[in-house]
Amino acid sequence: MAQIRKAKGLNKKIDHPEPPGRKSVLDFCCVTVGAGAPAAETWLSRQHLSASQYGLAHVPHLTDL
746 MAQIRKAKGL NKKIDHPEPP GRKSVLDFCC VTVGAGAPAA ETWLSRQHLS ASQYGLAHVP
806 HLTDL
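Numbering (our numbering), first residue to last: 746 to 810.
Structure, rendered in structure tokens:
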């Protein structure tokens with residue numbers, strides 16, 4: 746029912762398209778700090794570091810920290 750309401754409504758995505766922009770790899774990365782996991786870009790900017798100095802590693806779910 747929700748899809749039908751969205752299709753009939755006036756506030757459609759066609760009328761308000763999102764700006765085209767591709768996300769970078771850093772948009773999907775997080776840094777484990779204490780009990781939180783801030784986004785990699787914000788963490789790098791707070792530490793005054795550049796992304797070219799760091800490598801990325803895939804760690805699934807981080808359950809046992």
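The C-beta atom is built at its ideal place from N, Cα and C for all residues, glycine as well.
The secondary-structure analysis by DSSP pairs Ala-784 across a beta bridge with Cys-775. Nearest in C-alpha terms to Ala-802, of all of Ala-747, Gly-779, Cys-775, is Cys-775. For Ala-780, the number of other beta carbons within 10 angstroms of its own is below 16, and it is reported as exposed. The three-state reading of DSSP puts Val-804 in coil, since its state is none of H, G, I, E or B.
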